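Below is one structure, written out as structure tokens; the observations come after it.
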DNA sequence: CAGCGTTTGTACCGATCGGTACAAACTGGG
DNA sequence: CCCAGTTTGTACCGATCGGTACAAACGCTG
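Chains as they are written, first to last, in the working numbering: chain A, 9 to 188; chain B, 9 to 188.
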């Protein structure tokens with residue numbers, strides 16, 4: 009009887025932990041507390057639809073909490089700083105993996121290609137816009153935005169590989185300085 | 009009758025494409041042209057041993073072609089530049105995924121934890137050493153080395169997500185400038 | 001060519017995969 | 001209270017999973 013929102017959260021956690029191919033329906037059923045009947049009632053399209061819905065949910069969250077603020081901020085420099093706050097919280101200092109990034113690296117990229125592409129393209133574009141409106145030239149803004157997004161993704165990899173969340177925190181601090 | 013080296017190459021490609029859990033023995037058998045009998049003769053430990061051997065092979069390659077040169081170079085600044093060349097070639101401008109990074113993001117990180125940790129720790133350490141010997145202070149060298157390795161990993165994610173190898177190439181160019 | 005250890009293909013194992021069928025248990029409206 | 005419509009658990013499907021057994025084919029030494 010837990011709502012759809014919470015189900016999507018738990019689904020996301022399973023996909024983050026095992027990847028798309030590695031997340032079995034048994035694991036999903038256990039993690040969500042829902043039997044197959046319920047799962048296929050909520051997601052008639054099966055695992056593919058579950059993943060698509062999870063990606064859509066994540067996309068919505070980033071759109072509302074990161075991209076839109078970056079685009080519409082009166083003080084773009086402050087919006088960038090707020091973005092770093094949100095990123096640090098969301099990814100739990102690198103302990104939590106970026107599901108969209110994981111999908112991008114796997115063979116399921118083709119299946120969810122457009123969602124993945126859009127997620128990152130809009131992130132870079134929104135960030136570049138904010139950087140530009142805070143006084144940088146256009147070319148430099150896009151380049152820096154790309155670097156920042158890439159480095160956030162890489163910091164997650166590195167922090168997990170070294171099992172040291174401090175790596176992520178340090179990276180974000182360094183990026184704050186570069187963006188300011 | 010293809011040698012063990014080539015088999016490991018093809019194995020690596022399968023793991024890169026499907027991840028550890030997603031790489032089935034059927035896929036592996038097809039990709040290597042070896043039946044199960046041959047595979048279990050070469051790798052008695054099954055899939056886990058295959059992955060371990062592939063990781064070891066990759067580690068050897070990076071040790072010989074990147075880490076050792078970085079550590080032993082007479083002209084450390086040039087060694088760093090050579091590293092970027094090697095990285096660009098090895099990762100095929102972001103079209104090829106970093107298997108160690110993929111493992112770090114997945115649940116199989118625990119199984120191969122030490123190999124993954126060591127790979128990245130030695131990369132960062134070797135690069136930091138070279139940066140330091142080329143005139144930077146110790147703290148700045150480690151920080152920059154971490155940033156560079158993270159950004160390389162992130163650039164792979166971003167280039168794949170946007171399906172645009174130019175992102176990777178641009179990132180490497182920018183990193184060259186920062187390291188110089 | 002004989003003999004022997006290794007390499008290889010294939011049949012097979014129980015377990016689990018994603019997905020379906022369907023009846024029992026629930027739900028709100030009359 | 002009863003019934004239509006939904007939600008749920010469970011049994012089951014063929015396919016495939018990782019792994020094993022083993023005999024035929026092979027390659028080398030004498």
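The beta carbon of each residue, even a glycine, is placed where N, CA and C say it ideally should be. Everything numeric in this text was worked out from a predicted model, so none of it was measured.
Could you work out which residues of chain B lie near residue i, taking near to mean beta carbons separated by less than 8 Å?
i	result
residue 168/A	112, 113, 117
Output, in chain order, the set of chain A residues within a Cβ distance shorter than 8 Å of residue i.
i	result
residue 179/B	154, 155, 158
residue 161/B	161, 162, 165, 166
residue 120/B	None at all; the shortest Cβ gap to chain A is about 10 Å.
Looking at the C-beta of residue i, does it have a partner C-beta in chain B at a distance below 8 Å?
i	result
residue 87/A	no
residue 124/A	yes
residue 25/A	yes
residue 9/A	Below a pLDDT of 50, predicted positions are generally treated as unreliable, and residue 9/A, at 47, falls in that range; the measurement from the model is reported next regardless. For residue 9/A, the answer is no, since every Cβ of chain B falls outside 8 Å of its Cβ.
residue 151/A	yes
residue 175/A	yes
residue 90/A	no
Is it the case that the Cβ atoms of residue i and residue j are separated by a distance below 8 Å?
i	j	result
residue 154/B	residue 132/B	yes
residue 134/B	residue 184/B	no
residue 29/B	residue 27/A	yes
residue 91/B	residue 107/B	no
residue 39/A	residue 24/A	no
residue 168/B	residue 102/B	yes
residue 81/B	residue 138/B	yes
residue 8/B	residue 88/B	With chain B covering only 9 through 188, there is no way to say anything about residue 8/B.
residue 171/B	residue 119/A	no
residue 12/A	residue 42/A	no
residue 161/A	residue 162/B	yes
Measure from the C-beta of residue i to each C-beta in chain A and report whether the shortest distance is under 8 Å.
i	result
residue 67/B	no
residue 22/B	no
residue 95/B	no
residue 109/B	yes
residue 62/B	no
residue 140/B	no
residue 182/B	yes
residue 71/B	no
Would you tell me roughly how many angstroms separate the C-alpha atoms of residue i and residue j, rounded to the nearest one?
i	j	result
residue 20/B	residue 59/B	8 Å
residue 84/B	residue 152/B	15 Å
residue 130/B	residue 159/A	19 Å
residue 64/B	residue 123/B	8 Å
residue 37/B	residue 146/B	48 Å
residue 47/B	residue 54/B	8 Å
residue 9/A	residue 44/A	In this prediction, residue 9/A scores a pLDDT of 47, lower than 50, which makes its location untrustworthy; no coordinate-derived value is stated.
residue 67/A	residue 180/A	21 Å
residue 71/A	residue 94/A	12 Å
residue 150/A	residue 156/A	10 Å
residue 34/B	residue 186/B	45 Å
residue 86/A	residue 15/A	34 Å
residue 77/B	residue 143/A	41 Å
residue 98/B	residue 69/B	10 Å
residue 176/A	residue 136/B	17 Å
Using a Cβ cut-off of 9 Å, pull out every chain A residue sitting near residue i, in sequence order please.
i	result
residue 129/B	169, 170
residue 187/B	None at all; the shortest Cβ gap to chain A is about 13 Å.
Just the chain B side, please: which residues come within less than 7 Å of residue i by C-beta, in chain order?
i	result
residue 102/A	Within chain B, no residue comes near residue 102/A; the closest Cβ sits about 10 Å away, beyond 7 Å.
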